[in-house]
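To start, the structure itself, in structure tokens.
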């Protein structure tokens, strides 16, 4: 029996001893009207539709199982479901998940604000251990990520072959958006997740990382050194990854730049740390919660503004001698903060938008000022996995990026409901992580 078979045998024995019925996570805090044009339709139709999907092209096992968290549709509870252990294909790795971050992107999906294929496994900010390589995987990938190695997964999982990836622009990967974000699959158009009892496929939000095992394309991974912990390091794959992409590629922060970060959650607080690492001078944190602003000072904020108590645009201009900042970053995804961001920058300044919003939300801008004063409005979704993720590991390993303070809450796997409830209610300062194994 091969090593990977022994691993799977051990997995099976442990998981077969658990309750075989799916368990509903207490999610009564969530209310959704189900009226959005949500991919997948209503709860019962989702189940019926999944029954009709052909499973002939999938490699499905019937004897090995794991648990994962599934979103069915807005207004319905998340559930713990039992899955067959997923099977990686060429250039993909099976990861035993150790930790998964709690992100607003998942919350947007849960609330129906971001349409996504359903039912789906949520979670996209993970660390874990390599347990298997897909058949026909390149030997260089196997050598880089041998069985047993510790890894971090980026939420943007580049294919490595499209026109954007070939130019190093992993953040614009055509296959990631065409297949994963549009259809909930990996890049052959198929999911890797199947329910234990029915064998029905379940879609994947990125790798569907809020599960005991997940499949990740190799180009979306980098090695996690033994010196860094699984739990805190999970945020490198999204919160810090998103912040780095905004600071390095969109804002192009230089030493001495002045910068304002609007929204000091997990991503916004990471922007503060990256801005400090890049040598920004005035680093202004804007939020509505004093506890977040107080912690922002730990992350490098030189000034803080509570926008419920003072006008953030006027305060930013006062701090910068009437000019406005060189760079303003919007990390909330709200029309009001979009407008505040564009109005806070100096002539010729950059307004960088990284906060996702409810589908269809529109931000307004003064067109004449945009044209006459050469205001640059730039969107940024995330970093570039192959280039940036190894750099983030080095920043964390050297202590330049403070992982310990960046993670403010830890939850057990069974507490997934509470984690998203707390996030929805604004109770999480910085970032929270769910420990899975």
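Residue numbers (full-length UniProt numbering): 1 to 437. Built from N, CA and C at the ideal position, the CB exists for glycine as well. Quick caveat: nothing in here was measured; it's all calculated off a predicted structure.
Presumed contact (8 Å Cβ cut-off) between residue i and residue j, rounded CB distance
i, j, result
"residue 367", "residue 325", "Not quite, the Cβ-Cβ distance comes to about 21 Å (not below 8 Å), so this is no contact."
"residue 285", "residue 261", "6 Å"
"residue 342", "residue 375", "6 Å"
"residue 356", "residue 105", "6 Å"
"residue 67", "residue 212", "5 Å"
"residue 416", "residue 69", "5 Å"
"residue 132", "residue 94", "4 Å"
"residue 351", "residue 97", "Going by Cβ atoms, the distance from residue 351 to residue 97 rounds to 36 Å, so no, they are not a contact pair."
"residue 89", "residue 171", "Contact flag wrong, Cβ pair sits at about 23 Å."
"residue 253", "residue 327", "6 Å"
"residue 223", "residue 149", "6 Å"
"residue 397", "residue 228", "6 Å"
Proximal residues to residue i (C-beta, below 7 Å), its chain only, five neighbours per side dropped
i, result
"residue 165", "158, 159 and 173"
"residue 274", "243, 244 and 247"
"residue 293", "264, 285, 287, 304 and 306"
"residue 108", "114 and 356"
"residue 395", "277 and 401"
"residue 234", "99, 100, 101, 125, 126, 127 and 433"
"residue 290", "306"
"residue 296", "264, 269, 272, 285 and 304"
"residue 369", "375"
Option in the options with minimal Cα separation from residue i
i, options, result
"residue 329", "249, 71, 101 and 192", "249"
"residue 163", "175, 154 and 156", "175"
"residue 201", "208, 343 and 192", "192"
"residue 218", "234, 253 and 145", "145"
"residue 130", "391, 215 and 147", "147"
"residue 403", "167, 340, 71 and 272", "272"
"residue 112", "359, 353 and 133", "359"
"residue 391", "137, 64 and 152", "152"
"residue 198", "369, 84, 397 and 336", "84"
"residue 438", "92, 395 and 103", "Limits of the chain in this structure are 1 at one end and 437 at the other, which puts residue 438 out of reach."
"residue 65", "424, 184, 214 and 156", "214"
"residue 393", "216, 140, 225 and 143", "225"
"residue 412", "340, 231 and 399", "231"
"residue 92", "73, 363 and 136", "136"
"residue 313", "339, 371, 256 and 296", "339"
"residue 156", "370, 216 and 73", "216"
Cut-off 8 Å between Cβ atoms - residues of its own chain near residue i, not counting five sequence neighbours on either side
i, result
"residue 31", "Caution applies to residue 31, whose pLDDT of 35 falls short of 50 and renders its modelled position unreliable; the value that the coordinates give is listed next. Contacts found: 75."
"residue 282", "258, 259, 302, 303, 319, 320 and 325"
"residue 317", "323, 324 and 344"
"residue 335", "357, 361, 362, 363 and 364"
"residue 183", "117, 189 and 203"
"residue 161", "175"
"residue 169", "384"
Same chain, Cβ closer than 6 Å to residue i, neighbours up to 5 away in sequence not counted
i, result
"residue 269", "299 and 430"
"residue 323", "346"
"residue 154", "220, 237, 241, 385 and 389"
"residue 353", "330 and 379"
"residue 110", "71"
"residue 427", "none"
"residue 377", "351"
"residue 483", "The question about residue 483 has no answer here: the residues shown for the chain are numbered 1 through 437."
"residue 337", "262 and 330"
Beta carbon proximity, residue i to chain B, threshold 9 Å
i, result
"residue 217", "In the displayed structure, chain B is absent; only one protein chain is listed."
Residue i: CB within 8 Å of a non-hydrogen atom of the ligand NAP
i, result
"residue 169", "Looking for the ligand NAP in the displayed structure turns up nothing, as the structure carries no ligands at all."
Does the segment 78-90 touch the segment 167-181, meaning 3 or more C-beta pairs lie closer than 8 Å?
With the cut-off at 8 Å, the segment 167-181 and the segment 78-90 do not touch.
Can you give, in chain order, each stretch of the beta strand (DSSP E) that sits fully within the segment 311-382 and has at least 3 residues?
325-330, 345-353 and 376-379, all fully within the segment 311-382.
Can you check the segment 186-251 for any alpha helix (DSSP H) of at least 4 residues that lies completely inside it and give the ranges in chain order?
Runs of the alpha helix (DSSP H) lying entirely within the segment 186-251 and spanning at least 4 residues, in chain order: 230-233 and 239-245.
Any contact of the segment 391-410 with the segment 425-433, i.e. 3+ C-beta pairs under 8 Å?
When Cβ pairs closer than 8 Å are counted between the two stretches, the segment 391-410 is seen to touch the segment 425-433, the count reaching three or more.
Tell me whether the segment 237-253 and the segment 382-390 touch, counting them as touching only if at least three CB pairs, one residue from each stretch, are closer than 8 Å.
Touching, yes.
For the segment 347-361 against the segment 302-311, are there 3 or more C-beta pairs whose distance is under 8 Å?
With the cut-off at 8 Å, the segment 347-361 and the segment 302-311 do not touch.
Should the segment 232-241 be called in touch with the segment 123-137, which here means at least 3 C-beta pairs below 8 Å?
As far as the Cβ criterion goes, the segment 232-241 touches the segment 123-137, which means the pair count is three or higher.
Would you call the segment 202-219 and the segment 114-123 touching, i.e. three or more CB-CB distances under 8 Å?
Taking a cut-off of 8 Å on C-beta distances, the segment 202-219 touches the segment 114-123, as three or more cross pairs fall below it.
Just list the beta strand (DSSP E) runs in the segment 89-144, keeping only unbroken ones of 3 residues or longer that don't cross its boundaries, in chain order.
The qualifying runs are 92-102 and 126-133.
What residue ranges within the segment 147-171 form continuous alpha helix (DSSP H) runs of no fewer than 4 residues, ordered along the chain?
The qualifying runs do not exist here; there are none.
Taking only runs of the beta strand (DSSP E) that begin and end inside the segment 252-316, which ones reach a length of at least 3 residues, in chain order?
List check, beta strand (DSSP E) in window: 259-262, 283-287 and 303-306.
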